[in-house]
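S.K.: First residue of the sequence shown: 1, per the working numbering; consecutive thereafter. Just so you know, even glycine gets a beta-carbon here, dropped at the ideal spot from N, CA and C. Note that the structure is a prediction, hence the values are computed from the model and not measured. The structure under discussion is supplied below as structure tokens; questions concerning it will follow.
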Amino acid sequence: MRVALTLTLLAAALSAAAAQTPNTDIYLASLARRGDAIVVGTAENVTRRPGYDNQPSFLPDARSLLYTVIAGDGQADVWRYDIRSRRSTRVTATPESEYSPTVMPGGTRFSVIRVERDSTQRLWSFALDGSDPQLVLPALKPVGYHVWLGPNRLAAYVLGAPSTLHVIDRDGGNDEVRVRDIGRALQRIPGQGWYSFARRDSARALWIVAQPFEGGPLAPLVRAPADNEYHVWTPEGSLLSATQGTIVRWNAHTGDDGEWLPIATIPGVRNISPLAVSPDGRWLAFVAEPVVP
């Protein structure tokens with residue numbers, strides 16, 4: 001009787017967790033430059049299923065992307081979408097959950113935030129085919145998000161009250177707590193030796209700011225659009241973000257007078273969140289909630 005009750009409660013808990021998981025899909029659109037303008041092609045929903053598909057990250061050859069899938073049982077695994085064949089295949093299938101797949105420098109492995117069986121969140125890595133899991137940073141926890149700054153150095157968002165931004169060596173050495181109370185989106189700025197993230201100022205306004213890899217004062221860049229911390233850089237240095245269902249752009253070279261310029265309104269979506277641009281600048285992937293008619 002007690003076993004049956006326990007199983008019933010467990011099933012109810014799993015159902016409640018699944019119900020709370022947002023219904024998000026990953027969309028893919030072409031990017032093109034026409035003079036100073038960026039043109040976004042028609043966005044295609046490439047995951048189109050109920051449930052959670054999130055955190056897209058392109059592979060170095062720009063022919064496919066990795067992303068996170070949460071199945072109905074609440075398990076999170078990494079999948080891979082091939083742009084040419086338009087097919088998705090599962091990459092990891094473990095008892096643990098893996099989030100935020102990110103190809104590591106060198107291109108032969110990808111790193112993830114792994115929720116271990118005791119709920120510890122640490123940084124792990126896998127071979128590109130999902131084999132050979134290895135713990136990267138044993139002592140740093142609970143890690144929520146990360147970005148590689150070089151082969152042996154990364155920035156990590158560590159959960160807490162407040163959250164902290166660590167810049168740390170791959171072997172766990174030289175752990176520097178750079179900033180406190182930051183947003184979740186960490187981005188490397190192409191070709192600049194800087195990285196960016198979101199942070200609130202003294203008036204609680206959300207700004208996208210930047211810092212050199214080696215540290216130093218923060219450089220405020222632009223106020224985040226509609227309080228959206230998610231942003232991504234194109235190879236030539238334009239900053240993309242979103243407000244509801246519209247992709248917006250800020251040009252770091254001209255400043256655009258501090259204004260975000262709308263470049264594409266995506267029909268049938270809302271709440272565009274994480275974005276990713278392919279290394280060759282030809283593709284934009286983003287996460288959004290599909291609007292059900």
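Return helix, strand or coil for aspartate 53, following the three-state DSSP convention.
M.R.: DSSP places aspartate 53 in strand when its eight states are reduced to three.
S.K.: For the beta strand (DSSP E) containing threonine 68, list its first residue and its last residue.
M.R.: Run containing threonine 68: 64-70, per the beta strand (DSSP E) assignment.
S.K.: DSSP puts leucine 206 in a beta bridge; with which residues?
M.R.: Its beta-bridge partners are Arg200.
S.K.: Give the straight-line distance between the Cα atoms of glycine 216 and glycine 237, rounded to the nearest whole angstrom.
M.R.: Answer to the nearest angstrom: the Cα atoms are 21 angstroms apart.
S.K.: Going by DSSP, name the residue or residues bridged to isoleucine 168.
M.R.: Note: isoleucine 168 sits in a beta bridge opposite Leu154.
S.K.: What separation, rounded to the nearest whole angstrom, lies between the Cα atoms of arginine 249 and leucine 31?
M.R.: Looking at the two C-alpha atoms, the distance is approximately 12 angstroms.
S.K.: Run the proximity test for serine 241: is its beta-carbon closer than 6 angstroms to any non-hydrogen atom belonging to the ligand PLP?
M.R.: The ligand PLP is not part of this structure, which contains no ligands at all.
S.K.: In whole angstroms, give me the CA-to-CA distance for proline 279 and aspartate 36.
M.R.: Rounded to whole angstroms, proline 279 to aspartate 36 spans 19 angstroms at the Cα level.
S.K.: Going by DSSP, what residues sit across from tyrosine 27 in a beta bridge?
M.R.: Paired residue(s): Asn45 and Phe286.
S.K.: When you compare only the Cα positions, how much space is there between histidine 231 and arginine 204?
M.R.: Approximately 19 angstroms between the Cα atoms of the pair.
S.K.: Would you mind reading off the limits of the beta strand (DSSP E) that contains valine 277?
M.R.: Unbroken beta strand (DSSP E) run through valine 277: 275-277.
S.K.: Hey, is the region 205-224 in contact with the region 266-276, meaning 3+ C-beta pairs nearer than 8 angstroms?
M.R.: Short answer: they don't touch.
S.K.: Measuring only the C-alpha atoms, how far is asparagine 251 from alanine 29?
M.R.: Computed Cα separation, rounded: 20 angstroms.
S.K.: Leaving aside the five residues before and after valine 78 along the sequence, list all residues of the same chain whose C-beta is less than 6 angstroms from its C-beta, in chain order.
M.R.: Leu66, Val91, Thr92, Glu98 and Pro101, listed in sequence order.
S.K.: So what does DSSP say about proline 142, is it helix, strand or coil?
M.R.: Three-state result, proline 142: coil.
S.K.: Does alanine 226 come out as helix, strand or coil in the three-state DSSP assignment?
M.R.: Correct three-state label for alanine 226: helix.
S.K.: For tryptophan 148, which beta-bridge partners are listed by DSSP?
M.R.: DSSP lists Leu154 as partners of tryptophan 148.
S.K.: Check whether the Cβ atoms of valine 136 and valine 158 sit closer than 7 angstroms, and answer yes or no.
M.R.: No; because the gap between Cβ atoms is not below 7 angstroms, this pair is not in contact.
S.K.: In the DSSP assignment, what residue or residues form a beta bridge with serine 238?
M.R.: DSSP lists Asn251 as partners of serine 238.
S.K.: To which residues does DSSP link glutamate 98 through a beta bridge?
M.R.: Arg114, per the DSSP bridge assignment.
S.K.: Taking all protein chains shown into account, do 16 or more other C-beta atoms lie within 10 angstroms of the C-beta of threonine 120, making it buried, or fewer, making it exposed?
M.R.: Exposed, since its Cβ has fewer than 16 Cβ neighbours within 10 Å.
S.K.: Leaving aside the five residues before and after arginine 122 along the sequence, list all residues of the same chain whose C-beta is less than 8 angstroms from its C-beta, in chain order.
M.R.: Closer than 8 angstroms at Cβ, skipping near neighbours: Ile113, Arg114, Glu116, Leu135, Val136, Leu137, Pro138, Leu140, Lys141, Pro142 and Val143.
S.K.: From threonine 47 to glycine 193, what distance separates their C-alpha atoms?
M.R.: So the alpha carbons of these two residues sit roughly 34 angstroms apart.
S.K.: Around the C-beta of arginine 84, are 16 or more other C-beta atoms found within 10 angstroms, so that it is buried, or is it exposed?
M.R.: Exposed is the call here.
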